[in-house]
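Undergrad: There's a structure below that I have some questions on.
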Amino acid sequence: MLRYSVKRVLLAVVTIFIIAAITFFAMNAIPGGPFAKEKASEPRIKAVLEKRFNLDKPVGEQFLLYLRNFAKGDFGVSTKTGREVSTTIFTSFAISARLGSMAILTALVMGLVLGSLAALMRGKWPDRVIIFFTTLFVAVPSFILATLLLLVFSHLLGWFKVWSISDPNYTLPVLALALYPMAYITRLTKSSMLDVLGQDYIRTARAKGVKEQLVIFKHALRNALIPVVTYVGPLTAYILTGSLVVETVFNIGGLGTHFVTGINNRDYPMIMGTTIFLATLMVSMTLISDLFYKAIDPKITFD
Amino acid sequence: MSDYTADTSPRKKPLSLQLDPGMFERATDEEKAQHEVMRESTTFFRDGLRRLSRNPLSMLSIATLLLLLITIFVAPLIVPYKYSEVIKVDGQRDRTTANLRPMTYSVLEQEKVDAGEKVFPHIFGTDELGRDYFIRVIYGARVSLAVGFFASIIVLVIGLLYGSVSGYVGGRTDIIMMRIVDIIYSLPDTLMVVMLSVVLDQVLGDSLKGTILASLGNNMISMFVVFGLLYWVGMARLVRGQILAIKNNEYVLAAKALGGNARRIILKHILPNCISVIFIATALQIPSAIFVESFLSFIGLGVQAPMPSLGSLANLARGGMQIYPYKMLFPALGICLIVLSFNLLGDGLRDAFDPRLRR
Chain U
2 MLRYSVKRVL LAVVTIFIIA AITFFAMNAI PGGPFAKEKA SEPRIKAVLE KRFNLDKPVG
62 EQFLLYLRNF AKGDFGVSTK TGREVSTTIF TSFAISARLG SMAILTALVM GLVLGSLAAL
122 MRGKWPDRVI IFFTTLFVAV PSFILATLLL LVFSHLLGWF KVWSISDPNY TLPVLALALY
182 PMAYITRLTK SSMLDVLGQD YIRTARAKGV KEQLVIFKHA LRNALIPVVT YVGPLTAYIL
242 TGSLVVETVF NIGGLGTHFV TGINNRDYPM IMGTTIFLAT LMVSMTLISD LFYKAIDPKI
302 TFD
Chain H
3 MSDYTADTSP RKKPLSLQLD PGMFERATDE EKAQHEVMRE STTFFRDGLR RLSRNPLSML
63 SIATLLLLLI TIFVAPLIVP YKYSEVIKVD GQRDRTTANL RPMTYSVLEQ EKVDAGEKVF
123 PHIFGTDELG RDYFIRVIYG ARVSLAVGFF ASIIVLVIGL LYGSVSGYVG GRTDIIMMRI
183 VDIIYSLPDT LMVVMLSVVL DQVLGDSLKG TILASLGNNM ISMFVVFGLL YWVGMARLVR
243 GQILAIKNNE YVLAAKALGG NARRIILKHI LPNCISVIFI ATALQIPSAI FVESFLSFIG
303 LGVQAPMPSL GSLANLARGG MQIYPYKMLF PALGICLIVL SFNLLGDGLR DAFDPRLRR
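Quick note, the sequences are listed as chains U and H, same order.
Note that the working numbering has the first sequence beginning at 2, numbered continuously upward.
Note that the working numbering has the second sequence beginning at 3, numbered continuously upward.
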């Protein structure tokens, strides 16, 4: 277990480093820099600005400098706004994290409940209804879902107000984000639950006269959870990138918005900061869910 | 033909090992009938097709996709408008052609209709520049489907080559190749897709001018490159797994003993045995490619204007959504229909062809 964990952690670190490198060199390969657009800037001013952000040095040296600062915890300063990138990331991440964690929770809880329900009522109408809707939701891209929700519930019916910082209503954005993973988790839970319910130990438990609730919650559900746990990593990644779009549609100033505007503005420190932050989050969530999976499933051997 | 009975059959010598025909009973007609072949012998492929045709959802999605394909190829021949053409009446620009509602005519067109002339109706209305929206949605569906299809082919080719080599050669090569796959696999794909599309789009710049590829546009090319760079890893893993499972079979050993080279063994003996699994994975790749394309188009990194795709149409429709909600509805429905059909078809194919799921 220890050997495996160390290996995985090392792989994760390498991955994040590679992402940082790709982003840095790819970003610098784009013609034009952060200060190319400002028409009025005099060459002298431009030179000073470029010196300020180390842009006058060769790309390789810039990367090393960035890594050194990064190791000290310095994300740099935005070339556009002049604010600390880390401050921007953490304030906007507070909003994204709230949105994301609510969406993850909704998707997990609803998916587990609906999936178990569908498995237990196999072939009856609740199963059919659940499977019908989950099949449908898997086919709807989140941006379309977000726009349709906004159109129907905000404009036509007027049930929810449009999102604003002073009056944040997360219902619609959370729904737009959570429906796809919820549908996926439902299908996952259903198939793994059906698999578990057919096992011998379930029959044994029933034969012993264990109460049906106990059989379901203690014997079946706990084992059926294993595949769902592995999905938590990809789920987080999905939610984080999905919020890129959903935040745009609902006009929420979260981390995704800063990532997109950062790219559009050639704001090098901002692009690097948001990319590394998001990548670290995603990679570590995948890592945690994989390690957790290995820890709870005795059938898995460690290679 | 002699007819043996207990009386006519030649007597068996007491100590001979010859069987005594007299001991046997003749089969009745009913018993003979049991040996008749009741069902035609079937191949793996035909058996899969039979299973597939019994699945109503798969058949429905095949029908939907066929209908869609026919529509997107036939409609541009029938509808007299072009996707980038601003509608003019008798060569005259009509201001009222912009933002027409479905099945309505502009003022000048209405005059013509009243005069008894025939004007082809705007089935989905027109967009804000006065272009026929129906034909734009049709072309959008064309672009989206084409992207999905070609992206899957790219993924298939790269994944197949990489996976075959890695799985067949094995040893240290396999370990190194799979480490690379592991790393690419753990890259957050959407982040990288956004990043790479922006970069490639700029880097390509004018370098494509004058080539055939130029007509596709830089965005489209960079999208394919991104697919080629990022999404092949799943396919490579799948192919490697299949090859590992098959390569230790005796017939592969026999082929090796007869002096078959690696290329021949992989192409002739291994791939045909796992082609169904690979084929299904490719089919399931199409909807996810369409998803990515529509996502990129939606945030403005997809196909280039004036070429429409379902994603970019949906993005454009977002602006006037309160007044013209149907403009959002048509491309949205298009994406959902295509993705849903491919998903259901993929599930059906897997149930019908995957040897692991057969009972």
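For each residue, glycine too, the CB sits at the ideal point set by N, CA and C.
1) Does residue 16 of chain U have its Cβ less than 8 Å from a Cβ in chain H?
2) Answer with yes or no whether the minimum CB distance from residue 324 of chain H to chain U is below 8 Å.
3) Measure the alpha-carbon distance for residue 304 of chain U versus residue 5 of chain U and round it to whole angstroms.
4) What's the C-alpha gap between residue 2 of chain H and residue 237 of chain H?
5) Output needed for residue 194 of chain U: all residues of its chain with C-beta closer than 6 Å, excluding positions within five of it in sequence on either side, in chain order.
6) Hey, how far is the Cα of residue 3 of chain H from the Cα of residue 45 of chain H?
7) I think residue 78 of chain H touches residue 105 of chain H, with their Cβ atoms under 8 Å apart; what is that distance to the nearest whole Å?
8) Looking at chain H, is there any beta carbon in it that lies within less than 8 Å of the beta carbon of residue 142 of chain U?
9) By how many angstroms is the C-alpha of residue 204 of chain U removed from the C-alpha of residue 294 of chain U?
10) Should residue 242 of chain U and residue 192 of chain H be called a contact, given that it needs their Cβ atoms to be closer than 8 Å?
11) Evaluate the contact criterion for the segment 336 to 350 of chain H versus the segment 50 to 70 of chain H: three or more CB pairs, one atom per stretch, below 8 Å.
12) Ignoring anything shorter than 4 residues or poking outside the segment 258 to 316 of chain H, list the alpha helix (DSSP H) runs there in chain order.
13) Report the residue from U:87, U:150 and U:59 whose alpha carbon sits nearest the alpha carbon of residue 277 of chain U.
14) So which residues on chain U does residue 341 of chain H lean against when the C-beta distance must stay under 9 Å?
15) Does at least one heavy atom of the ligand ATP sit under 7 Å from the Cβ of residue 188 of chain U?
16) Quick one: give me the first and last residue of the alpha helix (DSSP H) that residue 113 of chain H is part of.
17) Considering only the alpha carbon of each residue, which of H:71, H:340, H:232 and H:76 lies closest to residue 292 of chain H?
18) Which of the three DSSP states, helix, strand or coil, is assigned to residue 88 of chain H?
19) Check each candidate in U:137, U:260, U:153 and U:20 and name the one with the smallest Cα separation from residue 180 of chain U.
20) Which stretch, first to last residue, makes up the alpha helix (DSSP H) that contains residue 47 of chain U?
21) Tell me whether residue 85 of chain U sits in a helix, a strand or coil according to DSSP, three-state version.
22) Could you tell me whether the Cβ of residue 200 of chain H comes closer than 8 Å to any Cβ of chain U?
23) Between residue 301 of chain H and chain U, is any beta-carbon pair separated by less than 8 Å?
24) Am I right that residue 280 of chain U and residue 17 of chain U are in contact with their C-beta atoms under 8 Å? What's the rounded C-beta distance?
25) Tell me the rounded alpha-carbon separation between residue 21 of chain H and residue 253 of chain H.
26) Taking the alpha carbon of residue 338 of chain H as the point to measure from, which residue in H:247, H:274, H:271 and H:143 has its own alpha carbon closest?
27) With DSSP as the reference, identify every bridge partner of residue 53 of chain H, one or two as the case may be.
28) Specify, as a first and last residue, the run of the alpha helix (DSSP H) that residue 160 of chain U falls within.
29) Using DSSP's beta-bridge definition, name the partner residues of residue 133 of chain H.
30) What separation, rounded to the nearest whole angstrom, lies between the Cα atoms of residue 361 of chain H and residue 353 of chain H?
31) Starting from residue 218 of chain U, follow the alpha helix (DSSP H) in both directions and report where the run begins and ends.
32) Under the DSSP definition of a beta bridge, which residues are partnered with residue 78 of chain U?
33) What does DSSP give as the partner residues of residue 128 of chain H in its beta bridges?
34) Can you pull out the residues from the segment 172 to 206 of chain U whose beta carbon lies closer than 8 Å to at least one beta carbon of chain H?
35) Do the segment 174 to 188 of chain U and the segment 98 to 108 of chain U make contact, defined as three or more Cβ pairs closer than 8 Å?
36) Straight-line CA distance for residue 312 of chain H to residue 124 of chain U?
TA: So, to answer that:
1) So, interface residue.
2) yes
3) With a pLDDT of 45 at residue 304 of chain U, under the threshold of 50, the modelled position of that residue is not reliable, and no figure is offered here.
4) Residue 2 of chain H lies beyond the stretch modelled for chain H, which goes from 3 to 361, so this question has no answer here.
5) 117, 120 and 225
6) Model confidence at residue 3 of chain H stands at a pLDDT of 46, short of 50, so the residue's coordinates are unreliable and nothing is read from them.
7) Rounded, the Cβ-Cβ distance is 19 Å, inconsistent with contact.
8) yes
9) Rounded to the nearest angstrom, the two C-alpha atoms are 25 Å apart.
10) yes
11) The answer is yes - the segment 50 to 70 of chain H touches the segment 336 to 350 of chain H, with three or more Cβ pairs under 8 Å.
12) 273 to 300
13) U:87
14) 139, 140, 141 and 142
15) You won't find the ligand ATP in this model; it holds no ligand whatsoever.
16) 109 to 116
17) H:340
18) strand
19) U:137
20) It spans 44 to 53 - the alpha helix (DSSP H) in which residue 47 of chain U sits, taken as one unbroken run.
21) strand
22) yes
23) Taking a beta-carbon distance threshold of 8 Å, residue 301 of chain H counts as an interface residue toward chain U.
24) 6 Å
25) 39 Å
26) H:143
27) Beta-bridge pairing links residue 53 of chain H to no other residue.
28) Residue 160 of chain U -> no alpha helix (DSSP H), and no H or E assigned at all.
29) H:88
30) Per-residue confidence for residue 361 of chain H stands at a pLDDT of 45, beneath the threshold of 50, marking its modelled position as unreliable; the derived number appears in the next sentence. Roughly 10 Å between the two C-alpha positions.
31) That residue, residue 218 of chain U, is in no alpha helix (DSSP H); it is neither H nor E in DSSP.
32) Residue 78 of chain U is bridged to U:85.
33) H:134, per the DSSP bridge assignment.
34) none
35) yes
36) If you take the alpha carbons of residue 312 of chain H and residue 124 of chain U, they lie about 36 Å apart.
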